[in-house]
Amino acid sequence: MLRFSAFAGAAFVIAPSAADAARSVFRHGVASGDPLPDRVMLWTRVTPTSDAVPGSGRGPSVTVGYEVAEDAVFKRVVRRGSATTGPAHDHTVKVDATGLRAGRTYFYRFTFDGHRSPVGRTKTAPTGSVSQLRFGVVSCSNYQAGHFAAYQHLAERGDLDAVVHLGDYLYEYGPGEYGAFRAHQPAREVTTLAEYRMRHGQYKTDPQLQQLHAAYPWIITWDDHETANDAWSGGAENHTEGAEGTWVSRRAAALRAYHEWMPIRFGAGDTIYRRLRFGSLASLSMLDLRSYRAKQGTPGSLTGPDQMAFLRESLLDSDVQWKLVGNPVMFSPLLVPPLPLAVGTALASLTGQSPDGVVLNNDQWDGYSADRRALISLLADNGVRDTVFLTGDIHTSWAFEVPVDAGTYPLSRTVATELVVPSVTSDNIDDLTRTPPRTSSVAVETALMGLNRHLKWAELDSHGYAVLDVRPAEVRMSWYFLADRQRADSPAALAKSVVVPAGTQSIR
Ligand SMILES: [Fe+2]
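Under mature numbering (1 follows the signal peptide of the UniProt record, and there is no 0), the residues of the sequence shown are numbered -21 to -1, 1 to 487, in order.
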């Protein structure tokens, strides 16, 4: 772990020619995350020598300074310190900046060898009675499939409390696998610590990704592609035991690189499921649905017992109104009708189902129905209100009411709602079927809503992001879609808004 020491107000002398060097030293940008009322994680990576590139294991151990201020020009610095890093941490720097005030915007930057990093802006969590929160919500940002214009749009609006990333922040594949618009580095599927570090390093050089990290704190969890496709506790669909090392060592490598490179606060035992509180208005419980799950298609748990206990505690917390759940895979039951083969195959590739139309999606909560039943019963039996699942993973946009019994809905009452965000770039139906947007998918969406009456809206073609407004009276989710995922300057437009009125567990 990093060591910290007091930093006695050094004067930073910036030579006139230093701008390029600073860009080079801090070429991976800055980031913040996991805001609490009194602290926030700060992140950067330093490249002290030209050979100290990600995954190299080269370069010296160095000390990096940091400053946190109330203003963007650092007149009112409230926190100063330093951290040491080196090859053992891939030259990443993580600081838990403490002693901050609740619900405040702060600015931060790092310094090394007379160079200053770009300035990041962050915000601590509020306490007490809170009238409004606004989150950006994203998932599935495959570098190879397009540009991260969604990130830039969220950065430029400037009005978010935090960005929630629901997983598949990066993908493990080699060039040309699952997208050939931009090539992954290293030029192979990543399986080792050095390779995962290099892949994180590549993503962190994307300017639009850097822009969104610098704009707000992120609250992230991982899904499967941060390790390998369709991961479970003992392996993954996209892992060959032996030829690609052991799953235990591969997962450990992926987890370590993730810990180094992401502005996330790990819990004891390397847990990443965790709960953040935003006063009495909302909690956000981020789930890890890959590390503890039984293999897809076998009996067993999705969450594991400890995480299930954690989630039950989150949902039963009567001190908080909105129980938001950052949920990497879809919670609501979904029946898929027989579809035209090309469309059925495309949908199946996103959900792991048979292209002929089947009832069970093994990789989602559908494949772990005992866990889902336990949570639905918990919500029903205790009269829990205002639970909203925020979901990623399947690259498409959906709005569900979660019934006690989908078979008798709408006679059966509902216990929660689920709002699913599309991919930032990763393939969805029109990409996979190679058909123009809003052609073959439209009939499918209608068929899905006919068969699943608790499904209120679905859109299977578009990429983009969502903005979640949380107020005492309602939660509002607004989906914004990109015109073209392969344009860095793609416009984005509001496509759909739905409202969940407080106390109703319903979609309006
Ligand atoms: Fe994904």
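Ideal Cβ positions, reconstructed from N, Cα and C, are used throughout, including at glycine.
- Residue range S376 to P382 is occupied by the beta strand (DSSP E) that includes P382.
- Using a cutoff of 7 Å, the CB of H374 counts as near ligand 1, since one of the ligand's heavy atoms is closer than that.
- Distance between V117 and L145, taken at the CA atoms: about 6 Å.
- Taking 7 Å as the cut-off, the C-beta of D147 counts as close to a heavy atom of ligand 1.
- Note: V116 is bridge-paired with V143 and A445 in the DSSP secondary-structure output.
- Within the chosen limit of 7 Å, ligand 1 does not reach the beta carbon of H144 with any heavy atom.
- Short note on H163: C-beta not closer than 7 Å to any heavy atom of ligand 1.
- Within the DSSP secondary-structure output, W197 pairs in a beta bridge with G12 and V142.
- Here the segment 394 to 414 lies against the segment 126 to 135, with 3 or more beta-carbon pairs under 8 Å apart.
- Separation of the CB atoms of D138 and L112 is rounded to 11 Å, and the pair is thereby denied contact status at 8 Å.
- Per DSSP, R464 is not a residue of any alpha helix (DSSP H), being assigned neither H nor E.
- When distances are taken from the beta-carbon of S402 to the heavy atoms of ligand 1, the shortest one is below 7 Å.
- Look at D406 here: in three-state DSSP terms it is coil, with no helix or strand label.
- Linking L234 to P165 through their CA atoms gives a straight-line distance of about 18 Å.
- In the three-state reduction of the DSSP assignment, V109 falls in the coil class.
- Taking the Cα positions, L357 is about 45 Å away from H70.
- Here A445 has V116, V400, M456 and W458 as same chain residues with Cβ atoms under 6 Å from its own Cβ, once five neighbours each way along the sequence are excluded.
- Between the segment 464 to 483 and the segment 421 to 439 there are three or more inter-stretch CB-CB distances shorter than 8 Å, so the stretches are counted as touching.
- Secondary-structure assignment with DSSP links N306 through a beta bridge to T370.
- For S405, the shortest C-beta to heavy atom distance toward ligand 1 is below 7 Å.
- Of the other Cβ atoms in all chains shown, fewer than 16 fall within 10 Å of the Cβ of S29; this residue is therefore exposed.
- The three-state secondary structure of M241, taken from DSSP, is coil.
- In this structure, H204 has its beta carbon less than 7 Å from a heavy atom of ligand 1.
- A straight-line Cα-Cα distance of about 6 Å links N217 and A207.
- Boundaries of the alpha helix (DSSP H) around E174: L172 to Y182.
- Closest option to Q187, judged by alpha-carbon separation, among A51, S3, E156 and H132: H132.
- Short of 7 Å from the beta carbon of L411, and not among the five residues preceding or following it, lie these beta carbons of its own chain, in chain order: A325 and S328.
- When DSSP reads this structure, P480 sits in a beta bridge with E453.
- If the five residues before and after S270 are omitted, its C-beta is found closer than 7 Å to the C-beta atoms of S212, all from its own chain and listed in chain order.
- Between D17 and T77, the gap from beta carbon to beta carbon is short of 8 Å.
- Per the DSSP secondary-structure output, V322 pairs with nothing in a beta bridge.
- Residue burial is scored here from C-beta neighbours: K54 has fewer than 16 other C-beta atoms within 10 angstroms and is therefore classed as exposed.
- When secondary structure is reduced to three states using DSSP, E223 falls in the coil class, being assigned neither helix nor strand.
- In the structure shown, S264 falls within a strand segment according to DSSP collapsed to helix, strand and coil.
- Boundaries of the beta strand (DSSP E) around E397: T393 to V399.
- Note that the C-beta distance between R88 and E151 is not below 8 Å.
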